[in-house]
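Trainee:
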Amino acid sequence: MTVLNLIPKFYKLCWYSFCEGNMNIIKIFLVVFFLWAVVSGCAGSKPETDASGYDNADGQYDEIEQLLGITPEDKTTAQPAQAEDDDLLTLLQQSENSAATETTMPPVPQEKQKTAQLEDELNDLQKQLRDKNKTINNLKEQVKVLEDGQSQAPGSGFSAVAAQPGISDAEYERTYNDAYQLAHQRKFRDAIRVFESLIAANPHHSLADNAQYWIGESYYGLGDYRAAIVAFEKVFTFKKSNKNDYAQYKLGLCYFQLKELADARREFQKLIDNHPNSANLISKAEQYIARM
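Sequential numbering from 275 applies to the sequence shown in the working numbering.
1. Identify which residue in L532, Y523, R565, F506 has its Cα closest to the Cα of H549.
2. So, using beta-carbon positions, are Y493 and A505 closer together than 8 Å?
3. Closest to L525 by CA distance: which of D537, Q455, A553 is it?
4. Report the option in A444, A553, K508 whose CA atom is closest to the CA atom of A521.
5. With a threshold of 16 other CB atoms inside 10 Å of the CB of E385, please say whether the residue is buried or exposed.
6. Indicate whether L545 and I563 have their beta-carbon atoms separated by less than 8 Å.
7. Run through DSSP, which three-state label would I546 get?
8. Distance, Cα to Cα, T449 vs E393?
9. With F469 as the anchor, note down where its alpha helix (DSSP H) starts and where it stops.
10. Terminal residues of the continuous alpha helix (DSSP H) containing D443?
11. How would you write the range of the alpha helix (DSSP H) that K517 sits in, first residue to last?
The structure is reproduced here in structure tokens:
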């Protein structure tokens, strides 16, 4: 029997002794095994060709076990312990694999979809908040207009009274100037009412187109850009109005404020094409076009 034949049996024997706590026995057997290996190496070895050699080796192995005090019951006791250790190693490996999988696992598509949905809801809420703030500001402006109208004392220089049909040119101009001052004081509602009364009283007066233009400016000042667009477009109905270029420019601004950029670009381009002499307005329009 060679040293190589004894290695597996030596391993098993050490394991049984370790499980039983027989460290002294292991030390003794290591010495015996070392001496046996030296003797076997010096004597040489030759191939084992018959089964009887293995049987003799098994018998010698059994005798060594008896000398060390290892019984068959000890073998059966050690085997479950080794099986438990193997199971523990398997569980640890599975746990590590599971942790690695969780770390590298990409986000679940459902979570991405939920995140996108929450972002859309947030954007909608922010838009609603902006719209509400705009409505609140418009209401505040209306309240301010009403308060200013109530606090204005008679004879203060601003009649703010609607023009009556058949008024004289002098009265028309005075009322127009009063409405103009109201607009510059940001009393837009009162200004709109007076300008509209002037147009109703005499739509052919030389200041009627100016009154229509300032109606548009007043709506623009209130932030009511849709109403301002309607008012500015009416300026073009007056023949030879000196406010056509300004009305055209303000149409572009209204659409720009509404973020309808294609319409804004179209109106600014009309100003450039139809009013080439309005250099100042064209320069401003081109600046807005460059921002789109």
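C-beta atoms are modelled at their ideal positions from N, C-alpha and C, and glycine is treated no differently.
Since we're looking at a predicted model, the values are computed, not measured.
Mentor: Concretely, from the data shown:
1. Translated into the one-based positions of the sequence shown, residue 549 becomes position 275. Per the Cα distances, Y523.
2. Taking the sequence shown and counting its residues from 1, one reaches residue 493 at position 219. Taking the sequence shown and counting its residues from 1, one reaches residue 505 at position 231. Yes, Cβ-Cβ distance for Y493 and A505 is below 8 Å.
3. Here residue 525 is taken as the residue at index 251 of the sequence shown, counted from 1. The shortest C-alpha separation from L525 is found at D537.
4. Taking the first residue of the sequence shown as position 1, residue 521 is located at position 247. Its Cα nearest to that of A521, the residue K508 stands out among A444, A553, K508.
5. Within the sequence shown, the letter at position 111 stands for residue 385. Exposed, since its Cβ has fewer than 16 Cβ neighbours within 10 Å.
6. Taking the sequence shown and counting its residues from 1, the one referred to as residue 545 is at position 271. Taking the sequence shown and counting its residues from 1, the one referred to as residue 563 is at position 289. Against a cut-off of 8 Å, the Cβ pair of I563 and L545 comes out as no contact.
7. Sequence index remark: in the sequence shown, residue 546 carries index 272 (1-based). Helix.
8. As a first step, residue 449 is located in the sequence shown; it is residue number 175 there, counting from the start. As a first step, residue 393 is located in the sequence shown; it is residue number 119 there, counting from the start. Their Cα atoms are separated by approximately 53 Å.
9. Within the sequence shown, residue 469 is the residue found at index 195, counting from 1. Boundaries of the alpha helix (DSSP H) around F469: 462–475.
10. Here the question's residue 443 lines up with position 169 in the sequence shown. Run containing D443: 443–458, per the alpha helix (DSSP H) assignment.
11. The residue you call residue 517 lines up with position 243 of the sequence shown. Neither: K517 is in no alpha helix (DSSP H) and is coded neither H nor E.
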